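Numbering (our numbering), first residue to last: 13 to 921.
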């Protein structure tokens with residue numbers, strides 16, 4: 013522990029940790045007297061505390077990088093500095109590695125140091141910009157030349173240098189490749205990892221690939237097994253293709269000559285991920301079982317591929333028991349196992365699997381599988397064994413049976429809010445009341461602290477523990493954050509002005525302070541802390557999201573030129589800027605640095621918010637998003653999504669359809685393809701990208717219809733679709749009509765689990781899906797297991813209210829069902845937790861949306877202190893006639909974070 017003298021010293025220099033740019037001042041060799049002071053017995057320096065302070069600082073990584081860069085580049089011949097440089101470059105994920113850094117490396121670098129630094133750049137390859145990658149290549153080649161001079165007529169590129177360059181090999185000029193000795197090429201291709209290195213070069217250019225292939229051919233090496241991807245690069249008419257594109261173009265007839273795929277399955281390595289579901293279906297169970305060790309190490313499998321492989325491995329006979337051994341063999345492919353098979357595993361094997369494979373891949377399991385695993389485990393006795401991700405599926409009724417919960421057992425657990433509220437309350441009398449820091453620092457237990465408990469903390473205790481709140485704000489509800497922030501603003505002394513600034517910068521001010529006048533007062537205090545001006549990138553780091561709340565006058569005139577680049581990067585993430593703020597941002601945009609001679613458009617990932625569009629030429633509002641610009645060159649590292657396409661007339665002869673590469677690169681931005689463009693996708697492209705297209709939210713009806721028709725074209729009539737087809741559809745399934753749903757085979761709860769995760773089903777669709785599942789599986793409501801109900805999810809909303817009482821147990825707290833269904837669910841909850849008037853905060857959190865099924869009389873009787881425990885979705889579902897007049901005006905403020913300012917204002921009037 014720090015002595016009082018040391019603690020006073022650290023408090024006195026708190027700005028050092030809040031603004032680590034000051035580290036640059038102390039990083040230079042200090043005067044001798046300072047060293048003497050540091051060496052006296054009066055001070056005990058706690059480096060762990062210093063490290064923690066830096067990690068918690070918004071500028072910690074930046075300061076560490078710059079400090080190590082300034083101190084270590086001149087002394088890069090020492091092992092300590094090489095290690096430090098590697099650590100800070102990796103710590104920032106390459107964020108601060110720019111071209112200017114390379115020019116500062118010493119020219120006379122020892123060969124060992126050079127190799128160690130190059131290894132770091134190879135690890136960071138995918139994190140670096142293309143221009144930085146090229147600069148790294150130039151630096152490597154220049155240093156190689158200086159370490160091993162060669163004659164002009166001969167090539168410096170040896171087999172060892174080819175291996176040493178790694179993926180930077182793609183920057184070799186074609187003429188340099190032609191000069192490489194055939195003997196060196198032959199030696200390189202014989203290296204153990206040469207094929208993997210070639211396979212990883214998915215961003216290689218056409219001409220470079222052709223040159224390599226020509227030299228490898230000339231070396232006399234048999235390439236039939238090793239240069240498949242180089243061949244594909246040459247055949248590809250585009251300049252670049254992705255790794256997934258190369259894998260999916262892999263023709264089976266050149267995987268292994270004179271061998272069937274079943275025979276060669278274990279030897280094709282990562283290329284096997286390119287096999288489509290039809291090809292995987294043709295594999296024999298014996299081939300999959302024999303090659304499972306290779307298959308489970310391959311990355312990039314889709315859900316439908318995993319399903320097929322897992323079923324092949326288990327075999328056709330579903331009665332086969334699941335064991336610890338075959339769970340371990342499947343590894344990450346375990347998510348393809350039928351949920352019902354988890355009920356067949358023995359308690360001993362399940363316990364061992366929970367400590368290994370199931371713990372490692374629990375997040376990959378769907379809700380039905382997760383609940384099946386939990387049902388097979390003894391929750392009360394195996395609390396420590398249950399993987400963190402699965403712990404959220406433990407019901408509140410099961411936790412009620414647990415006695416003597418220890419905080420240490422919850423350290424790594426993920427908790428639902430209802431679990432956290434119950435557990436915090438259970439621990440409050442024995443632990444939390446006397447040692448609040450223990451409960452606030454224990455995993456996600458902080459979710460359970462009530463607003464009353466925050467409010468009743470005395471000023472000293474609250475400020476002492478505020479760092480724990482701040483560190484866990486992402487776990488807290490909007491109401492908890494609002495209460496904690498309010499308590500902090502009310503209690504923080506002026507001496508902690510910078511701490512106040514940093515803590516506010518980590519949350520959205522609009523979320524924690526609804527009233528505009530109060531927001532303006534907080535922003536005014538923030539600007540006072542900054543002396544009215546943002547001086548540099550460290551100020552920007554400290555402000556964080558507060559930049560989005562700054563007034564237009566500060567955005568226009570209060571940001572120094574040094575801080576503008578960092579500020580712009582942060583401002584691009586703001587999706588709620590007012591027109592005046594947007595105009596101020598445009599006025600500080602350095603056009604020559606950030607804009608190409610054309611318009612670029614930033615598509616904000618948040619719905620209902622107008623994206624920030626910048627016209628680089630006129631600074632005026634650009635055209636509608638329906639008219640897409642011809643050239644889109646966003647600033648490097650921009651966090652937005654960009655589309656490079658034209659709206660063309662209808663008819664596929666005049667439409668440039670999206671390619672596999674386009675679809676995979678755009679991800680969620682595929683939303684902006686027109687229905688005509690989606691309708692012109694080839695069947696092959698659709699089959700290879702269906703899971704990417706199906707993962708996109710907010711398609712309109714026309715787009716969904718186009719994609720559904722494309723699925724029919726690629727796979728045949730709906731009645732012929734297999735289980736893996738349904739799994740891969742994602743949101744596209746929303747376009748299925750009731751008659752099409754009836755023609756599907758919906759006997760698998762795994763298929764229903766995927767369908768239930770889609771948003772936008774109509775009531776009739778949900779009713780049809782539920783009916784067909786029960787019909788195809790031969791189950792009734794009373795025979796549904798907990799895993800079935802978890803998998804059905806929102807589709808349960810299609811139940812006839814008169815049949816709800818047949819359901820024995822279900823997690824219904826997240827279902828936004830019609831009120832008459834929620835009323836029946838509320839009655840189900842009463843059978844477990846007792847009458848509504850006896851419910852606690854944790855029970856209200858657990859029942860979730862079912863609380864919206866309360867009658868007018870039940871709502872009016874809810875105590876004011878329990879109002880914050882209503883989930884926002886439940887508040888939104890309560891019928892207006894039940895809400896109006898039944899909730900007192902004294903209770904409205906506790907809901908204002910969800911019901912909005914307008915409701916509170918109307919109540920007051």
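We treat Cβ as the ideally placed atom computed from N, Cα and C, and that holds for glycine.
Note that the structure is predicted; figures quoted are calculated from it, not measured.
Would residue 824 and residue 837 be called neighbours here (beta carbons separated by less than 8 Å)?
Going by C-beta atoms, residue 824 is nearer than 8 Å to residue 837.
Entirely within the stretch 350-437 and at least 4 residues each: give me those alpha helix (DSSP H) ranges in chain order.
359-367, 369-372, 379-388, 400-403, 408-411
The alpha helix (DSSP H) with residue 486 in it runs from where to where?
Element bounds for residue 486: n/a, residue is neither H nor E.
Where residue 711 falls, given that 16 or more other Cβ within 10 Å makes a residue buried:
Buried, by the Cβ-count rule.
Spell out a yes or no on whether the stretch 422-436 and the stretch 403-414 are touching, meaning 3 or more CB-CB pairs, one atom from each, closer than 8 Å.
Judged by Cβ distances under 8 Å, the stretch 422-436 makes contact with the stretch 403-414, as three or more pairs qualify.
How many Å lie between residue 460 and residue 478 at the Cα?
16 Å
Is residue 498 near the ligand PLP, with its Cβ less than 7 Å from a heavy atom?
Of ligands this structure carries none, so the ligand PLP is not represented either.
Among 735, 125, 576, the one whose alpha carbon lies nearest that of residue 759
735
Distance, residue 697 Cα to residue 379 Cα:
Using only the alpha carbons, I get a separation of about 30 Å.
Give the straight-line distance between the Cα atoms of residue 866 and residue 835, rounded to the nearest whole angstrom.
7 Å
Measuring straight from C-alpha to C-alpha, what distance separates residue 247 and residue 590?
Annotation note: pLDDT 45 at residue 247 (below 50); position unreliable, coordinate value reported separately. Near 50 Å, if we compare the C-alpha coordinates of residue 590 and residue 247.
Who pairs with residue 546 in a beta bridge, going by DSSP?
Note: residue 546 is bridge-paired with 571 in the DSSP secondary-structure output.
Report yes if the CB atom of residue 687 is closer than 8 Å to the CB atom of residue 718, and no otherwise.
Yes, the Cβ-Cβ distance between residue 687 and residue 718 is below 8 Å.
Might you give, ordered along the chain, the residues of its own chain that have their beta carbon closer than 7 Å to the beta carbon of residue 593, omitting 5 neighbours on each side?
564, 567
Using 10 angstroms around the beta-carbon of residue 186, count the other beta-carbons present and answer buried if the total reaches 16, otherwise exposed.
exposed
Compare the C-alpha of residue 81 against each of 446, 852, 107, 113 and name the closest.
113
Measure the C-alpha to C-alpha separation of residue 168 and residue 585 and round it to an integer number of angstroms.
Those two C-alpha atoms are separated by around 46 Å.
Should the stretch 189-203 be called in touch with the stretch 152-161, which here means at least 3 C-beta pairs below 8 Å?
no
C-alpha gap between residue 870 and residue 810, whole angstroms
25 Å
Output yes or no for whether 8 Å exceeds the beta carbon distance between residue 923 and residue 708.
Not covered by the structure: residue 923. The range shown for the chain is 13 to 921.
Range covered by the alpha helix (DSSP H) that runs through residue 735:
735-741
Quick check on residue 109: does DSSP put it in helix, strand or coil?
Residue 109: coil per DSSP, three-state reduction.
Is residue 740 near residue 703, with beta carbons less than 8 Å apart?
yes
Residue 670: buried (16+ other C-beta within 10 angstroms of its C-beta) or exposed?
buried
Output needed for residue 807: all residues of its chain with C-beta closer than 8 Å, excluding positions within five of it in sequence on either side, in chain order.
764, 767, 768, 773, 778, 781, 782, 785
Using 8 Å as the cut-off, can you tell me whether the stretch 338-349 makes contact with the stretch 302-316, which would need three or more C-beta pairs spanning the two stretches below that distance?
yes
Just how far apart, CA to CA, sit residue 174 and residue 94?
23 Å
Just mark residue 101 as buried or exposed, buried being the case when its beta carbon has 16 or more other beta carbons within 10 Å.
buried
Residue 82 in three-state terms, based on DSSP:
helix
Out of 181, 209, 230, point me to the one whose CA is closest to residue 217's CA.
181
Collapsed DSSP secondary structure at residue 101 in the structure displayed:
helix
Exposure of residue 277, with buried meaning 16 or more beta-carbon neighbours within 10 Å
buried
Any alpha helix (DSSP H) of 4 or more consecutive residues that is wholly inside the stretch 827-893
831-845, 853-859, 868-872, 884-889
Alpha carbon to alpha carbon, what distance is there between residue 830 and residue 861?
10 Å
My output table needs one value for residue 313: the three-state DSSP class, helix, strand or coil.
coil
From 892, 73, 500, 118, pick the residue whose C-alpha is nearest to that of residue 89; which is it?
118
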